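To start, the structure itself, in C-alpha coordinates.
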Amino acid sequence: MDFRKLLSLSSADTVVLATALTFDPSIVEIFIALSSGACLLVIPKAVRAIPDLFIDVTCVRNKATVLQVKF
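The opening residue of the sequence shown carries number 0 in numbering that gives the first Met the number 0; numbering runs sequentially from there.
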(Lines of atoms letter the chains of each structure in order from A and count residues from 1; the text may use other names and numbers.)
(Lines give C-alpha, C1' and ligand atoms only; values in the text may rest on other atoms or scores of the structure.)
Protein backbone atom coordinates (compact mmCIF):
# COMPACT_ATOMS: atom_id res chain seq x y z
CA MET A 1 0.00 0.00 0.00
CA ASP A 2 2.86 2.37 0.82
CA PHE A 3 4.55 1.82 -2.57
CA ARG A 4 1.24 2.28 -4.35
CA LYS A 5 0.70 5.62 -2.61
CA LEU A 6 4.33 6.69 -3.01
CA LEU A 7 4.21 6.00 -6.75
CA SER A 8 0.63 7.30 -7.18
CA LEU A 9 -0.29 4.18 -9.12
CA SER A 10 -3.61 3.90 -10.92
CA SER A 11 -5.28 1.74 -13.53
CA ALA A 12 -3.54 3.87 -16.19
CA ASP A 13 -0.11 2.51 -15.17
CA THR A 14 1.86 -0.47 -16.47
CA VAL A 15 4.10 -2.30 -14.00
CA VAL A 16 6.92 -4.43 -15.42
CA LEU A 17 7.42 -7.88 -13.91
CA ALA A 18 10.99 -8.68 -14.94
CA THR A 19 12.16 -10.06 -11.61
CA ALA A 20 12.36 -13.84 -11.27
CA LEU A 21 9.41 -15.24 -9.31
CA THR A 22 11.88 -16.89 -6.93
CA PHE A 23 13.16 -13.44 -5.86
CA ASP A 24 11.06 -11.71 -3.18
CA PRO A 25 10.76 -8.30 -4.94
CA SER A 26 8.65 -9.98 -7.63
CA ILE A 27 5.83 -10.12 -5.07
CA VAL A 28 5.97 -6.33 -4.76
CA GLU A 29 5.65 -5.93 -8.55
CA ILE A 30 2.69 -8.30 -8.69
CA PHE A 31 0.76 -6.87 -5.76
CA ILE A 32 1.25 -3.18 -6.49
CA ALA A 33 -0.17 -3.83 -9.96
CA LEU A 34 -3.07 -5.91 -8.65
CA SER A 35 -3.95 -3.56 -5.81
CA SER A 36 -3.99 -0.48 -8.03
CA GLY A 37 -5.68 -2.00 -11.08
CA ALA A 38 -2.56 -1.37 -13.17
CA CYS A 39 -1.50 -3.59 -16.05
CA LEU A 40 1.17 -6.18 -15.15
CA LEU A 41 3.59 -6.67 -18.05
CA VAL A 42 5.31 -10.05 -17.64
CA ILE A 43 8.70 -10.13 -19.39
CA PRO A 44 10.07 -13.56 -20.39
CA LYS A 45 13.67 -14.44 -19.51
CA ALA A 46 14.59 -14.55 -23.22
CA VAL A 47 13.51 -10.91 -23.63
CA ARG A 48 15.35 -9.83 -20.46
CA ALA A 49 18.56 -11.29 -21.91
CA ILE A 50 18.58 -8.91 -24.91
CA PRO A 51 18.80 -5.28 -23.73
CA ASP A 52 17.60 -3.67 -26.97
CA LEU A 53 14.59 -5.98 -27.12
CA PHE A 54 13.86 -5.41 -23.41
CA ILE A 55 13.77 -1.63 -23.95
CA ASP A 56 11.62 -2.04 -27.04
CA VAL A 57 9.08 -4.29 -25.32
CA THR A 58 8.85 -2.34 -22.06
CA CYS A 59 9.25 1.28 -23.10
CA VAL A 60 8.43 1.57 -26.78
CA ARG A 61 5.65 -0.99 -27.31
CA ASN A 62 4.02 -1.03 -23.86
CA LYS A 63 4.86 2.40 -22.38
CA ALA A 64 5.73 0.95 -18.97
CA THR A 65 5.46 3.43 -16.12
CA VAL A 66 6.97 1.34 -13.29
CA LEU A 67 10.16 -0.69 -13.59
CA GLN A 68 12.07 -2.12 -10.63
CA VAL A 69 15.74 -2.59 -11.37
CA LYS A 70 18.21 -4.82 -9.53
CA PHE A 71 21.92 -3.98 -9.82
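Glycine included, C-beta positions come from ideal geometry on N, C-alpha and C.
What you are looking at is a predicted structure, and each value in this text was computed from that prediction instead of being measured.
Is it right to say V65 is buried, meaning 16 or more other beta carbons lie within 10 angstroms of its own, or is it exposed? Here residue 65 corresponds to residue number 66 of the sequence shown, with the count starting at 1. Classification of V65: buried, given that the 10 Å Cβ count is 16 or more.
Among residues of its own chain, excluding the 5 on either side of L33, which ones have a beta-carbon nearer than 8 Å to its beta-carbon? As a working mapping, residue 33 is identified with position 34 in the sequence shown. The residues are L39.
Exposed or buried, T18, counting other C-beta atoms within 10 Å across all chains shown (16 or more means buried)? To locate residue 18, count along the sequence shown from 1; it is residue 19. Per the 10 Å Cβ criterion, buried.
Thinking C-beta only, is T57 closer than 8 Å to A37? What you label residue 37 is simply residue 38 of the sequence shown in a count that begins at 1. What you label residue 57 is simply residue 58 of the sequence shown in a count that begins at 1. Taking the C-beta atoms as reference points, T57 is found no nearer than 8 Å to A37.
So L8 packs on I31, CB below 8 Å; how close in whole Å? Walking along the sequence shown from the start, residue 8 turns up at place 9. Walking along the sequence shown from the start, residue 31 turns up at place 32. Going by Cβ atoms, the distance from L8 to I31 rounds to 6 Å, so yes, they are a contact pair.
Helix, strand or coil, according to DSSP, for L8 in the structure here? Counting from 1 along the sequence shown, the entry for residue 8 is found at position 9. L8: coil per DSSP, three-state reduction.
Straight-line CA distance for P50 to P24? Counting from one through the sequence shown, the residue named residue 50 turns up at place 51. Counting from one through the sequence shown, the residue named residue 24 turns up at place 25. The C-alpha of P24 is placed about 21 Å away from the C-alpha of P50.
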